[in-house]
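Before any comments, here is the structure.
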Amino acid sequence: MVRPYIASAPGELKNIVIAAPYLLAVIGVICAVFFSKVRLLALAVGLSIAHYIIQTELQASLRDAATFRVYVFLALIAAAGAPASLALPDRGITTVWGAACAAIIAAITGACWIVAGWLPLSEEAGHPMSLYSTEGVVLPAALQIVLGAGIVCSLIFLTFRNTHVEAAAATLTACAGLVLGLLHLDDISLAVGAAASLCLIWCFLRESHKMAFRDDLTGLPSRRALNRRLRQLAGSYSIAMLDVDHFKKFNDTHGHHVGDQVLQLVAAKLSRARSGTAYRYGGEEFCIVFSRKRAEDVVPTLNDVRRTIEDYKMTLRAAGRAKSKRAGKARRGATKTRFDTVSVTVSGGVASKSDKHTTPEAVIEEADRLLYRAKRAGRNRIFSK
């Protein structure tokens, strides 16, 4: 589809199109370094190097042994590199972990180059390593399976982590398969390379947005996201402020790790409040914004959430638990381990925009006042005006 346009484009525009994958990949590398993202850096560097190799080393016949080795190498590194980059610990670039990740990637690259030298091209029709083993596709059947496995591995990471990095890795692997399979088409690497680079940059933008507007612990929109939402509010609305009861005492008794689990639990329950959007306000305090709702309309919803949190029992592992899974399994076979359960409650206040409270800040202040009234009245309740 894009080949006629590239071929007929003016000289300067065509040069821009040819350079686009490199420029976009460089932007991706800069973003990865700026945000200190090892996985994204590996994908961006890999994409730019792969595009360079395709443009310089794969412009000859694949019947040539040296060219075919490079071709197989790219297929193997695309299949193994993306899942491997996702498995790396993302703990900074200029750290010991960053150096270890670079060494692992170098080892995988070397292994792929060695394996590529062991796979000679077969001239036998239908052979797994024969070109055009599938009609209209250059990629040998064996490499199709390898790339498919790489995409599946990336999708498995995406299923469990569900972040934009995993989505980008799966997309880049699929793009590599598309380019290598249709390499006989003119300018296919330019079009797909530019598209893959744009995908990677989009991933950077989404990740940076997540870093800025999402709370790491709870996954809820952060205080910054709330402030932006408040500036956009118009018409009638209600704002609820909720606080975990006796959270400091709970934290001191059971430890910060359990306290974090409590905050995650409360956030998960609040995020399901009908017609509202939950935000982490700070510490153990949360905020829910209801557009086009009066306070009396949302009190039943807030009470439903409050009761759900109250009824949920968290299981605490025994203090003398075994340090290893094997020792724990052996101990459980001999004696029955006792698990304690705990529960928490929340208190809240909800207020609406009115003639007296005309701004979001005033509504929050009123909701906060009602929250502390609920606490003074015995906690585990929702107050509204």
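Quick note: the sequence shown uses our numbering, first residue 10, plus one each step. In this text, a Cβ means the ideal position worked out from N, Cα and C, and glycines have one as well.
Ignore the nearest five residues each way along the sequence and tell me which others in A177's own chain have a CB closer than 7 Å to its CB.
To locate residue 177, count along the sequence shown from 1; it is residue 168. A distance below 7 Å between beta-carbons, with the five flanking residues on each side excluded, links A177 to the following residues of its chain, in chain order: L52, C208, L209, C212.
For F392, which beta-bridge partners are listed by DSSP?
On the sequence shown, position 383 is the one that residue 392 refers to. DSSP lists G358 as partners of F392.
Determine the contact status of A282 and L311, defining contact as a CB-CB distance below 8 Å.
As a position in the sequence shown, residue 282 is number 273, starting the count at 1. As a position in the sequence shown, residue 311 is number 302, starting the count at 1. Yes; because the gap between Cβ atoms is below 8 Å, this pair is in contact.
Output the distance between the C-alpha atoms of P92 and A111, rounded to the nearest integer angstrom.
Looking up residue 92 in the sequence shown gives position 83. Looking up residue 111 in the sequence shown gives position 102. Cα-Cα distance, rounded: 15 Å.
Applying the criterion that 16 or more other CB atoms from any shown protein chain within 10 Å of the CB defines a buried residue, is K322 buried or exposed?
In the sequence shown, the residue the question calls residue 322 occupies position 313. K322 is classed as exposed because its beta carbon has fewer than 16 other beta carbons within 10 Å across all chains shown.
Straight-line Cα distance separating R233 from E66:
To locate residue 66, count along the sequence shown from 1; it is residue 57. To locate residue 233, count along the sequence shown from 1; it is residue 224. Approximately 48 Å, taken between the alpha carbons.
Assign V146 to one of three DSSP states: helix, strand, or coil.
Within the sequence shown, the letter at position 137 stands for residue 146. Of the three classes helix, strand and coil, the one that applies to V146 here is strand, per DSSP.
Between S245 and Y288, which are expected to be in contact by the criterion C-beta below 8 Å, what is the C-beta distance as a whole number of angstroms?
On the sequence shown, position 236 is the one that residue 245 refers to. On the sequence shown, position 279 is the one that residue 288 refers to. Going by Cβ atoms, the distance from S245 to Y288 rounds to 19 Å, so no, they are not a contact pair.
Excluding sequence positions up to five away, which residues of its chain have a Cβ less than 6 Å from the Cβ of L183?
As a position in the sequence shown, residue 183 is number 174, starting the count at 1. Looking at the sequence shown, residue 183 is not Leu but Ala. Residues of the same chain with a CB within less than 6 Å of the CB of A183, apart from the 5 flanking positions on each side, are I160 in chain order.
Who are the Cβ neighbours of L226 in its own chain at under 7 Å, not counting the five residues just before and after it?
Taking the first residue of the sequence shown as position 1, residue 226 is located at position 217. Hits under 7 Å: D269, L272, Q273.
Measure the C-alpha to C-alpha separation of V147 and I154 and round it to an integer number of angstroms.
Stepping through the sequence shown from its first residue, residue 147 is reached at position 138. Stepping through the sequence shown from its first residue, residue 154 is reached at position 145. Looking at the two C-alpha atoms, the distance is approximately 14 Å.
Taking the beta strand (DSSP E) that I297 falls in, what are its first and last residues?
By 1-based counting over the sequence shown, the position of residue 297 is 288. Per DSSP, I297 belongs to the beta strand (DSSP E) from 294 to 300.
Below 8 Å on the Cβ atoms is my contact criterion, and I expect A360 with A376 to pass it. Report the Cβ-Cβ distance as a whole number of Å.
Mapped onto the sequence shown, residue 360 falls at position 351. Mapped onto the sequence shown, residue 376 falls at position 367. Sure, about 4 Å apart at Cβ, within 8 Å.
For M323: DSSP bridge partner residues
Working through the sequence shown from its first residue, we reach residue 323 at position 314. According to DSSP, M323 bridges with V351.
Starting from Y5, trace the alpha helix (DSSP H) both ways and give me its first and last residue.
The structure shown does not extend to residue 5, since the chain spans only 10 to 394, so no value can be given for it.
Alpha-carbon spacing of V267 relative to L325, whole angstroms
Start at 1 with the first residue of the sequence shown, and residue 267 comes out as number 258. Start at 1 with the first residue of the sequence shown, and residue 325 comes out as number 316. About 8 Å.
CB R378 to CB D254, shorter than 8 Å?
The residue you call residue 378 lines up with position 369 of the sequence shown. The residue you call residue 254 lines up with position 245 of the sequence shown. For R378 and D254, no; Cβs fall outside 8 Å.
If you count every other CB in all the chains shown that lies within 10 Å of the CB of A383, and 16 or more means buried, which is it?
Within the sequence shown, the letter at position 374 stands for residue 383. Around the CB of A383, 16 or more other CB atoms lie within 10 Å, so the residue is classed as buried.
Considering only their Cβ atoms, is the gap separating V298 from G285 smaller than 8 Å?
Looking up residue 285 in the sequence shown gives position 276. Looking up residue 298 in the sequence shown gives position 289. In this structure, G285 lies near V298, with their beta-carbon atoms less than 8 Å apart.
For A343, I'd like the list of residues in its chain whose CB is within less than 6 Å of its CB, leaving aside the five on either flank, ordered along the chain.
One-based indexing of the sequence shown puts residue 343 at position 334. Interpretation of A343 is limited by its pLDDT of 49, a score under 50 that renders its predicted location unreliable; no figure is taken from the coordinates.
So, for L380: in the same chain, excluding its five sequence neighbours on each side, which residues have a beta-carbon less than 8 Å away from its beta-carbon?
As a position in the sequence shown, residue 380 is number 371, starting the count at 1. Correct list, in chain order: M250, L251, D252, S356, G357, G358, F392.
Should K394 and A277 be called a contact, given that it needs their Cβ atoms to be closer than 8 Å?
Counted from its first residue, the sequence shown places residue 394 at position 385. Counted from its first residue, the sequence shown places residue 277 at position 268. Not a contact, by the Cβ cut-off of 8 Å.
From the beta carbon of V253, is the nearest beta carbon of chain B less than 8 Å away?
Absent here is chain B; the protein component of the structure consists of one chain.
Inspect the CB distances between the segment 83 to 91 and the segment 23 to 43 and report whether three or more fall short of 8 Å.
Because the criterion of three Cβ pairs below 8 Å is not met, the segment 83 to 91 and the segment 23 to 43 do not touch.
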